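Below you'll find the structure, written out as structure tokens, and then a few comments.
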Amino acid sequence: MTMSHAVPDNDRPPPVRAVFSAVTWKEIAYLVSNLPLAIVGFVYAVVMVSTAGGLSVTAVGIPLLACGLYLSRQLGRLDRARARGLLGVRVDEPTPIPGPKRSGGFFPWLWTSIKDPVGWRTVLYQLIRLPWGVLTFTVALTGLFVLWPVLPYLVRLMANVDRAMVRGLLSPSDDLERRIAELESDRGVVVDTAAADLRRIERDLHDGAQARLVALAMGLGLAKEKLLEDPEGAAAMVDEAHGEVKLALQELRDLARGIHPAVLTDRGLDAALSSVAARCVVPVKVVVDLPGDPVGGAARDAAGGAAGDAARGRPAEAIEGIAYFVVSELLQNVSKHAGPGARGATVEVWRAGARLMIRVSDDGRGGASPSGGSGLAGLAERLGAVDGVLVVDSPSGAGTVVTAELPWRDRDRG
Numbered sequence: 010m011t012m013s014h015a016v017p018d019n020d021r022p023p024p025v026r027a028v029f030s031a032v033t034w035k036e037i038a039y040l041v042s043n044l045p046l047a048i049v050g051f052v053y054a055v056v057m058v059s060t061a062g063g064l065s066v067t068a069v070g071i072p073l074l075a076c077g078l079y080l081s082r083q084l085g086r087l088d089r090a091r092a093r094g095l096l097g098v099r100v101d102e103p104t105p106i107p108g109p110k111r112s113g114g115f116f117p118w119l120w121t122s123i124k125d126p127v128g129w130r131t132v133l134y135q136l137i138r139l140p141w142g143v144l145t146f147t148v149a150l151t152g153l154f155v156l157w158p159v160l161p162y163l164v165r166l167m168a169n170v171d172r173a174m175v176r177g178l179l180s181p182s183d184d185l186e187r188r189i190a191e192l193e194s195d196r197g198v199v200v201d202t203a204a205a206d207l208r209r210i211e212r213d214l215h216d217g218a219q220a221r222l223v224a225l226a227m228g229l230g231l232a233k234e235k236l237l238e239d240p241e242g243a244a245a246m247v248d249e250a251h252g253e254v255k256l257a258l259q260e261l262r263d264l265a266r267g268i269h270p271a272v273l274t275d276r277g278l279d280a281a282l283s284s285v286a287a288r289c290v291v292p293v294k295v296v297v298d299l300p301g302d303p304v305g306g307a308a309r310d311a312a313g314g315a316a317g318d319a320a321r322g323r324p325a326e327a328i329e330g331i332a333y334f335v336v337s338e339l340l341q342n343v344s345k346h347a348g349p350g351a352r353g354a355t356v357e358v359w360r361a362g363a364r365l366m367i368r369v370s371d372d373g374r375g376g377a378s379p380s381g382g383s384g385l386a387g388l389a390e391r392l393g394a395v396d397g398v399l400v401v402d403s404p405s406g407a408g409t410v411v412t413a414e415l416p417w418r419d420r421d422r423g
């Protein structure tokens with residue numbers, strides 16, 4: 010899942026106008042309030058560093074420094090909130106430092122807190138902001154009286170410097186911090202998806218196979234009671250129960266196929282996707298080109314093509330299962346939404362470097378959108394949780410092409 014650190018369009022202030030706008034007045038308020046807050050931050054930073062440094066030769070100096078850096082983080086949070094409200098700068102919150110229990114003890118936590126780059130950069134921000142706060146306060150306040158025509162331009166220039174300082178010194182420490190925050194969000198998606206899958210399985214078992222097996226047990230009990238007095242009636246009930254057993258087994262097979270089909274485990278994506286494609290309402294051509302597959306790259310008709318030996322060159326089981334689920338969901342969308350004009354679809358799977366690529370295309374009516382209720386948003390979230398990407402190209406009336414990208418992990422490291 011790629012990340013962009015460019016400034017979003019909605020973070021960019023509107024163009025400067027000679028007439029003061031609401032954005033300009035917010036910037037003036039920010040620049041004028043710089044001085045009193047800079048004085049407080051500067052005094053705190055100087056007192057904290059000097060006191061902790063002077064007491065560093067004692068037992069309380071190092072813990073005092075750790076606590077001071079923690080409070081510096083809180084000052085940074087206030088500064089980020091002020092910049093967000095008055096300058097429109099949206100900066101992610103840094104990852105909190107784990108407590109002593111999660112850090113492995115007091116001394117590991119103490120060492121992590123002392124070398125905290127976020128805390129130190131906040132201290133640096135408080136120190137260099139005092140002279141800058143004096144300058145912005147003086148220019149903004151006096152400019153309201155003597156520099157009125159050019160004040161919006163001066164304000165915008167100084168506010169942009171403040172924006173750069175906030176982004177440079179009060180943002181998460183590096184790409185790793187941002188990646189941690191993103192992975193924490195993705196972990197929530199994985200947990201929610203797993204919980205939803207468990208609820209679906211429980212509902213399907215309760216409403217389908219379980220109810221059918223209960224009725225089967227009751228029917229066999231009645232047949233047992235009638236076995237001596239009405240053999241023909243009992244035989245008819247046993248025959249009916251036999252049919253119920255077949256239906257229950259079919260429902261259980263369908264449920265297992267939705268979780269992780271046996272053909273996927275035994276023969277790989279090639280055979281499993283051909284089996285899924287055979288259930289689509291339009292003809293589907295499956296092309297699987299994975300390294301080590303002796304039949305990889307050979308197109309086969311989903312209705313009767315041979316799957317081949319897909320035991321070699323296979324990705325990790327988790328990645329393979331997600332790929333199967335993605336293709337299954339996309340082919341269900343083809344069956345539901347492609348429309349009567351659709352004549353066929355194609356499923357392509359191949360490896361590109363360290364990524365597993367999937368493309369599902371059809372010649373239906375198009376117009377698919379992740380926000381259109383077709384399940385594409387859920388697929389995008391599931392792929393994003395494993396560092397994958399989903400791209401939808403579906404112009405109205407011109408068919409749909411959905412490309413999914415997953416990280417490749419070898420099965421032996423699965």
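Start counting the sequence shown at 10; every next residue gets the next number (the working numbering). In this text, a Cβ means the ideal position worked out from N, Cα and C, and glycines have one as well. It should be emphasised that the depicted structure is a prediction, and the values quoted were computed from it without experimental measurement.
How many Å lie between residue i and residue j at the Cα?
i, j, result
"Tyr134", "Ala347", "56 Å"
"Leu119", "Gly108", "9 Å"
"Pro349", "Ser283", "22 Å"
"Leu455", "Arg360", "In the structure as shown, the chain starts at 10 and stops at 423, and residue 455 therefore has no counterpart that could be examined."
"Ser276", "Glu326", "Here the sequence assigns Arg to residue 276, which means Ser is not the residue at that position. Rounded to the nearest angstrom, the two C-alpha atoms are 12 Å apart."
"Thr121", "Asp88", "23 Å"
"Val336", "Val369", "7 Å"
"Arg288", "Leu84", "60 Å"
"Ala168", "Pro161", "10 Å"
"Ala243", "Leu261", "27 Å"
"Thr412", "Leu256", "36 Å"
"Arg418", "Leu178", "37 Å"
"Gly230", "Pro324", "49 Å"
"Ala224", "Val272", "30 Å"
"Lys233", "Ala250", "12 Å"
"Ala280", "Val295", "10 Å"
"Val304", "Val297", "Note on Val304: pLDDT 44, under 50, position unreliable in the model; no value is reported."
"Val49", "Val159", "30 Å"
"Arg364", "Lys35", "46 Å"
"Lys235", "Leu299", "59 Å"
"Val127", "Leu136", "14 Å"
Would you mind sorting residue i into buried or exposed? The rule is 16 or more other CB atoms within 10 Å of its CB.
i, result
"Pro105", "exposed"
"Leu388", "buried"
"Met246", "buried"
"Val32", "buried"
"Ser115", "In the sequence under discussion, the amino acid at residue 115 is Phe, which differs from the Ser named in the question. By the neighbour-count rule (16 or more Cβ atoms within 10 Å), Phe115 is not buried but exposed."
"Asn342", "buried"
"Phe334", "buried"
"Gly252", "exposed"
"Gly375", "buried"
"Glu238", "exposed"
"Glu329", "buried"
Return the chain-ordered list of same chain residues with a C-beta closer than 6 Å to the C-beta of residue i, the five sequence neighbours on each side being excluded.
i, result
"Ala92", "Val98 and Val175"
"Gly397", "Glu414 and Leu415"
"Pro292", "Gly353"
"Arg130", "Leu178"
"Ala149", "Ile37, Leu40 and Val41"
"Leu399", "Leu388, Ala389, Leu392 and Ala413"
At the 8 Å Cβ level, is residue i part of the contact set with chain D, yes or no?
i, result
"Val343", "The structure shown contains no chain D, having only a single protein chain."
Which residues mark the beginning and the end of the alpha helix (DSSP H) in which residue i is found?
i, result
"Trp34", "Ala31 to Gly63"
"Trp129", "Pro126 to Val155"
"Ile331", "Glu326 to His346"
"Thr121", "Phe115 to Ile123"
"Arg176", "Leu160 to Leu178"
In its own chain, which residues sit with a C-beta less than 8 Å from the C-beta of residue i, not counting the 5 before and 5 after it?
i, result
"Ile123", "Ile71, Leu74, Ala75 and Leu78"
"Arg172", "Ala92, Leu96 and Val98"
"Ala377", "Asn342, His346, Ser383, Leu385, Val401, Ser403, Thr409 and Val411"
"Leu153", "Ile37 and Leu160"
What are the boundary residues of the beta strand (DSSP E) that residue i is part of?
i, result
"Ile367", "Arg364 to Asp371"
Going along the chain, which residues of its own chain have a beta-carbon closer than 7 Å to the beta-carbon of residue i, five neighbours each way excluded?
i, result
"Ala61", "Gly70, Leu73, Leu74 and Gly77"
"Asp125", "Leu78 and Ile106"
Under 7 Å: does the beta carbon of residue i sit that close to some heavy atom of the ligand MG?
i, result
"Pro416", "Judged by which ligands are present, the structure shown has none, so any question about the ligand MG falls away."
task: Decide yes or no for the touch test of the segment 41-50 against the segment 143-158: beta carbon pairs closer than 8 Å, at least 3 of them.
output: yes
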